[in-house]
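Student: All residue numbers in the sequence shown are consecutive under this note's numbering, ending with 229. The C-beta atom is built at its ideal place from N, Cα and C for all residues, glycine as well. Bear in mind the structure is a predicted one, so any value in this text is a computation, not a measurement.
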Amino acid sequence: GGVGWSEREFEALGHGFADRGARTDEIIDALRVAWTEDPATFEGEHVSFRDVRVLPQPAHPIPIWIGGMSERALRRGVEKGDGHQIIGVKPHEAAPVIERLRRDRPEETFTISLRTGWDPQGMDPDEIRAEADAYAEAGVQHVVSAPWRSDLDSWLRSMELLAELVVGR
């Protein structure tokens, strides 16, 4: 995910909003140390621990996907991530971003994901199918859809319809 956008959420937790990117970068580094060293020690400006054991240790590296569209988010995805989730762009806008990410991280293990708000209860199903095809053509490997629904039953119905439209074909 991204580093957060709601200043009020950071205030509620007693953390600064302005340094959230640096804190996220450091947390990623600390997690990778904790997941690979036993015992693990990490000294940073925001995160520090000594002789921590994570048991059981992960059987394989845990991928971290970075999300966002800002310059900093894209750079963080390339430098720190195992994948990047683009957000809030149409297929024609996604293509140049994906080309840039692929230029900087060409390995196939670097995953390109998209977060969208597709909602088959409020959108034309043909539009969703066309967008899914266009995103795939642009290089999107995974799609995460989060339709805005006010109740669980309606949200579940949207997800079922979406699975039929996109996944089940």
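For W125, list the residues DSSP reports as bridge partners.
Tutor: Your numbering for residue 125 matches position 65 in the sequence shown. Beta-bridge pairing links W125 to G143.
Student: Where does A100 fall in DSSP's three states?
Tutor: For the purposes of this step, residue 100 is taken as the residue at position 40 of the sequence shown. Reduced to three states, the DSSP call for A100 is strand.
Student: Do the region 179–192 and the region 123–142 make contact, defined as three or more Cβ pairs closer than 8 Å?
Tutor: The answer is no - the region 123–142 does not touch the region 179–192, with fewer than three Cβ pairs under 8 Å.
Student: State whether the region 191–206 contacts the region 151–162, with contact taken as three or more CB pairs (one from each stretch) at a distance under 8 Å.
Tutor: The region 191–206, when compared against the region 151–162, does touch it at the 8 Å Cβ threshold.
Student: Reducing DSSP to helix, strand and coil, say where R135 ends up.
Tutor: Taking the sequence shown and counting its residues from 1, one reaches residue 135 at position 75. DSSP places R135 in helix when its eight states are reduced to three.
Student: Assign H75 to buried or exposed, taking buried as 16 or more other Cβ atoms, counted over all protein chains shown, within 10 Å of its Cβ.
Tutor: Position 15 of the sequence shown, counted from the start, is the residue given in the question as residue 75. So H75 ends up on the exposed side.
Student: Given a threshold of 16 other Cβ atoms within 10 Å of its Cβ, counted over all protein chains shown, does S182 qualify as buried or as exposed?
Tutor: Position 122 of the sequence shown holds residue 182. It should be pointed out that residue 182 corresponds to Gly in this sequence rather than to Ser. Under this definition G182 is an exposed residue.
Student: On the three-state DSSP scale, how would you describe T84?
Tutor: Translated into positions along the sequence shown, residue 84 becomes position 24. Of the three classes helix, strand and coil, the one that applies to T84 here is helix, per DSSP.
Student: Closest to V203 by CA distance: which of D211, M219, H106 and W215 is it?
Tutor: As a working mapping, residue 203 is identified with position 143 in the sequence shown. Closest by alpha carbon: M219.
Student: Between which two residues does the alpha helix (DSSP H) containing L161 stretch?
Tutor: Counting from one through the sequence shown, the residue named residue 161 turns up at place 101. First-last of the alpha helix (DSSP H) with L161: P151 to D164.
Student: How many angstroms separate the CA atom of R175 from the CA atom of Q145?
Tutor: If you number the sequence shown from 1, residue 175 lands on position 115. If you number the sequence shown from 1, residue 145 lands on position 85. Near 7 Å, if we compare the C-alpha coordinates of Q145 and R175.
Student: Could you check which residue in G128, A155 and V93 has the C-alpha nearest to that of V114?
Tutor: Counted from its first residue, the sequence shown places residue 114 at position 54. With distances taken between Cα atoms, V114 lies closest to V93.
Student: Please state the DSSP three-state secondary structure of D184.
Tutor: Along the sequence shown, read from residue 1 onward, the residue named residue 184 stands at position 124. DSSP places D184 in coil when its eight states are reduced to three.
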